[in-house]
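There are 2 protein chains.
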Amino acid sequence: MSTKRIIALSGGVGGAKLALGLSRVLPPGDLTVIANTGDDFEHLGLAISPDIDTLLYTLAGLDNQATGWGRRDESWNFMAALEALGGETWFRLGDRDLATHAERTRRLRAGESLSQITDDFRTRFGIASRILPMSDDPVRTRVKTRDGWLDFQPYFVRQRCEPVISVIEFAGAADARPQPELLAALADPALGAVILCPSNPFISIEPILALRGVRAALRDCAAPVVAVSPIIGGRAVKGPTAKMMQELGLETSAAAVARRYGDVIDAYIVDHADAPDCAGLDPRIVPAKALMETLGDRETLARIVLEAAASVMEPAQ
Amino acid sequence: MSTKRIIALSGGVGGAKLALGLSRVLPPGDLTVIANTGDDFEHLGLAISPDIDTLLYTLAGLDNQATGWGRRDESWNFMAALEALGGETWFRLGDRDLATHAERTRRLRAGESLSQITDDFRTRFGIASRILPMSDDPVRTRVKTRDGWLDFQPYFVRQRCEPVISVIEFAGAADARPQPELLAALADPALGAVILCPSNPFISIEPILALRGVRAALRDCAAPVVAVSPIIGGRAVKGPTAKMMQELGLETSAAAVARRYGDVIDAYIVDHADAPDCAGLDPRIVPAKALMETLGDRETLARIVLEAAASVMEPAQ
Chain L
93 MSTKRIIALS GGVGGAKLAL GLSRVLPPGD LTVIANTGDD FEHLGLAISP DIDTLLYTLA
153 GLDNQATGWG RRDESWNFMA ALEALGGETW FRLGDRDLAT HAERTRRLRA GESLSQITDD
213 FRTRFGIASR ILPMSDDPVR TRVKTRDGWL DFQPYFVRQR CEPVISVIEF AGAADARPQP
273 ELLAALADPA LGAVILCPSN PFISIEPILA LRGVRAALRD CAAPVVAVSP IIGGRAVKGP
333 TAKMMQELGL ETSAAAVARR YGDVIDAYIV DHADAPDCAG LDPRIVPAKA LMETLGDRET
393 LARIVLEAAA SVMEPAQ
Chain R
93 MSTKRIIALS GGVGGAKLAL GLSRVLPPGD LTVIANTGDD FEHLGLAISP DIDTLLYTLA
153 GLDNQATGWG RRDESWNFMA ALEALGGETW FRLGDRDLAT HAERTRRLRA GESLSQITDD
213 FRTRFGIASR ILPMSDDPVR TRVKTRDGWL DFQPYFVRQR CEPVISVIEF AGAADARPQP
273 ELLAALADPA LGAVILCPSN PFISIEPILA LRGVRAALRD CAAPVVAVSP IIGGRAVKGP
333 TAKMMQELGL ETSAAAVARR YGDVIDAYIV DHADAPDCAG LDPRIVPAKA LMETLGDRET
393 LARIVLEAAA SVMEPAQ
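Keeping their order, the protein sequence lines are chains L and R. Mind the numbering: the first sequence is residues 93 to 409 in our numbering, read in order. Mind the numbering: the second sequence is residues 93 to 409 in our numbering, read in order.
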């Protein structure tokens with residue numbers, strides 16, 4: 093197994109599960125996770141970064157596996173008191189989780205970058221892997237519905253992805269500076285692999301690919317780029333990926349996600365059920381058990397991903 | 093007993109105790125409490141109004157009598173999580189209390205006035221009495237120490253009033269518009285009484301008196317102005333009043349507080365222990381049990397205050 097640096101691009105839940113697996117099978121410190129920040133928003137005056145936080149909580153073992161967001165053993169006294177005052181309660185903020193947003197907000201206002209703050213938080217949470225935002229500049233995912241444009245969290249949380257969407261846009265992506273450590277790693281001939289985690293391609297991975305130069309750097313980088321399908325047996329494990337694909341006029345299949353990633357990826361991990369459908373595709377197809385139910389599943393899938401990356405680098409037999 | 097409108101000027105703890113007594117012995121809605129906002133500050137991006145909140149919590153029966161601030165049955169999970177992230181923990185924010193600050197901050201940013209927000213909060217807390225800030229404009233109490241000027245909360249909470257002070261200043265008081273309902277009430281010939289609650293004179297009552305026109309309006313108003321001494325038996329019940337008096341070169345006595353209020357007050361409620369010392373003063377001196385230990389004490393003192401106000405209006409025998 094590689095002991096070189098591994099880069100993982102990730103959104104929330106599904107991506108964080110694989111990131112946890114990778115963090116456990118790699119030597120400490122070899123993994124750097126680049127987090128989507130297209131879901132970030134300001135709420136109640138707080139700077140909220142949902143995917144960064146899901147990664148922090150998951151890699152720290154503090155994640156709430158029942159909800160897929162927030163912290164386990166959370167209390168909700170803030171929320172109950174806010175409701176009594178007639179406040180906005182559609183975005184649920186637990187008492188402990190709130191501290192992450194409050195402290196991040198304070199430090200951003202004091203002039204620190206989201207990268208610095210996130211790196212300090214992961215250290216304080218005792219996480220050996222690096223977690224960095226895809227950019228320190230704001231990028232905001234928005235969706236176009238029949239009733240006009242919606243910001244991401246009002247669409248995703250408040251309206252539970254119910255409106256039919258026709259376009260997804262990453263406002264600010266053209267001007268945002270990509271995470272310098274991502275570009276430096278992609279240009280490094282010693283990079284071990286890049287992994288596109290099984291997050292929602294449209295709202296978790298593509299915001300990162302939309303940053304200036306990132307797609308080209310992935311195409312040009314010496315290391316293998318391995319994606320893991322978020323579609324298992326023709327369905328999304330969690331969240332609105334399948335519904336979005338239908339609304340965007342795409343077939344709901346692992347193969348459609350691979351075609352979407354195009355020539356960026358060298359290998360593609362799919363569930364055994366989806367492998368036949370992917371037979372004719374360009375990237376090397378690696379069938380596996382893609383559903384990560386247990387911690388063991390996460391570690392096993394992480395090993396398969398790393399082996400797939402290594403196999404891409406071997407000369408064809 | 094009067095059924096006319098009663099105005100009470102109040103700071104936190106001691107003032108809120110008497111305000112609670114008044115709210116219980118007066119017909120619902122007859123009491124309007126004007127709260128000091130000189131202690132207000134921004135912390136963690138939140139607009140915090142300590143005296144307003146102590147009044148809200150006390151009149152709603154939610155106050156923490158052990159601490160004198162915050163809510164009873166509070167939880168501290170936010171604070172513990174903030175500490176783990178290396179955040180600022182010198183100002184203790186309970187999980188439920190936090191909702192008050194977050195919602196106030198959101199509504200202030202949305203353009204509502206502190207008066208509107210506070211009036212809505214007291215309604216939501218089921219409080220019949222009105223609670224209004226002394227001004228919707230920022231006034232900030234600062235103290236001069238040997239090491240320079242300190243903002244109030246860093247002095248009061250962070251440094252526990254330890255630095256010796258030489259000057260107290262209410263930054264912004266000269267430009268702040270006094271609460272319009274206060275000025276209207278003071279100009280109303282039907283006003284029942286004005287009560288200066290037993291709060292710290294220097295940092296709770298004087299910021300209100302420092303607002304443009306308030307001192308003159310109190311002097312000129314037709315209703316009796318009754319103050320309650322915060323000094324009992326030559327000592328402050330709670331807080332730094334006595335220490336401040338010493339540092340400002342004042343005698344620590346109920347009489348010194350009355351002299352400080354000067355011709356603003358018509359009657360002065362003092363503890364039996366302090367009455368002899370006040371004998372030669374201008375305002376009518378009304379001895380009472382000034383220490384409010386029980387709810388009954390608060391109601392009894394409230395009745396004495398209202399009777400003193402009524403007696404001022406009677407022709408001298």
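Heads up, the beta-carbon is just placed ideally off N, CA and C, and yes, glycines get one too.
| Check | Outcome |
| --- | --- |
| Helix, strand or coil for R/E406, going by three-state DSSP, please let me know. | coil |
| Taking R/F170 as the query, report the chain L residues whose CB atoms sit under 8 Å from its CB, ordered along the chain. | F170, D187, R188, L190, A191, A194 |
| Using the DSSP secondary-structure output, state which residues sit across from R/W241 in a beta bridge. | R/K236 |
| Which chain R residues are close to L/S167, counting only those with a beta carbon under 7 Å from its beta carbon? | S167, N169, D187 |
| Only counting the same chain, and skipping five residues up and downstream in sequence, which positions put a Cβ closer than 6 Å to that of R/M336? | F294 |
| Do R/G186 and R/E166 have their CB atoms nearer than 9 Å? | yes |
| Looking at the C-beta of R/F213, does it have a partner C-beta in chain L at a distance below 9 Å? | yes |
| Counting only C-beta atoms, is L/L151 closer than 9 Å to chain R at any point? | no |
| Kindly list, in the order they appear in chain R, the residues whose Cβ is closer than 8 Å to that of L/T197. | L136, G137 |
| Using beta carbons (cut-off 9 Å, strictly below), is L/P246 in contact with chain R? | no |
| Per DSSP, what are the beta-bridge partners of L/I361 in this structure? | L/V320, L/V378 |
| Three Cβ pairs or more, each shorter than 8 Å: is that satisfied between the segment 350 to 370 of chain R and the segment 378 to 386 of chain R? | yes |
| Anyone know if the C-beta pair for L/R116 and L/L393 falls short of 9 Å? | no |
| Assuming R/G264 contacts R/V317 (C-beta within less than 8 Å), just tell me the rounded distance between them. | No, R/G264 and R/V317 are not in contact; Cβ-Cβ is about 25 Å, not under 8 Å. |
| Where L/G106 and L/A346 are concerned, what is the direct C-alpha to C-alpha distance, given to the nearest angstrom? | 15 Å |
| Take R/Y247 and list the residues in its own chain whose beta-carbon comes closer than 6 Å to its own, dropping the five residues that flank it on each side. | V235 |
| Report yes or no: is there a C-beta of chain L within less than 9 Å of the C-beta of R/L224? | no |
| Following the continuous alpha helix (DSSP H) through R/P225, name the residue where it begins and the one where it ends. | Taken as a continuous stretch (DSSP letters only), R/P225 belongs to no alpha helix (DSSP H), being part of the beta strand (DSSP E) at 222 to 225. |
| Take R/P322 as the anchor and find which of R/V362, R/D358, R/A302 has the nearest alpha-carbon. | R/V362 |
| Where does R/V306 land, buried or exposed, given buried means 16+ other C-beta within 10 angstroms? | buried |
| Going along chain L, which residues have a C-beta under 8 Å from R/G179? | A191, A194, E195, R198 |
| Run the CB neighbour count on R/D132, radius 10 Å, all protein chains shown included, and call it buried at 16 or more, exposed below. | buried |
| Spell out whether any CB of chain R is found under 9 Å from the CB atom of L/L206. | no |
| For the segment 271 to 335 of chain L, list the alpha helix (DSSP H) runs that are entirely contained and at least 4 residues long, ordered along the chain. | 272 to 278, 298 to 301, 306 to 312 |
| Anyone know if the C-beta pair for L/T124 and L/A266 falls short of 9 Å? | no |
| Quick one: is L/P272 buried, meaning 16 or more other Cβ sit within 10 Å of its Cβ, or exposed? | exposed |
| At the level of alpha carbons, what is the spacing between R/M93 and R/Y353? | The pLDDT assigned to R/M93 is 44, lower than 50, so where the model puts this residue is not dependable; a value taken from the coordinates is nonetheless given after this. Each residue's Cα considered, the two are about 25 Å apart. |
| Measure from the alpha carbon of L/L114 to the alpha carbon of each residue in L/A191, L/L373, L/R216, L/A285, then state which is nearest. | L/A285 |
| Output the distance between the C-alpha atoms of R/A75 and R/A194, rounded to the nearest integer angstrom. | The structure shown has nothing for residue 75 of chain R, since chain R only spans 93 to 409. |
| Would you identify the three-state DSSP class for L/S258, choosing helix, strand or coil? | strand |
| Sort L/R184, L/D228, L/T215, L/F217 by Cα distance to L/G33 and report the nearest one. | Since the displayed chain L opens at 93 and closes at 409, residue 33 of chain L lies outside it and no answer follows. |
| Here's a check: name, in chain order, each residue in its chain whose Cβ is nearer than 6 Å to the Cβ of R/D155, leaving out the five neighbours to either side. | Y149 |
| Along the beta strand (DSSP E) that carries R/V422, what are the first and last residues, could you check? | This structure cannot settle anything about residue 422 of chain R, because the visible part of chain R is limited to 93 through 409. |
| Using a beta-carbon distance below 9 Å, is R/M93 in contact with chain L? | With a pLDDT of only 44 at R/M93, under the threshold of 50, the placement of this residue in the model should not be trusted; the figure read from the coordinates follows. Closer than 9 Å: no. |
| Have a look at the DSSP bridge pairing and note the partners of R/L101. | R/I126, R/L288 |
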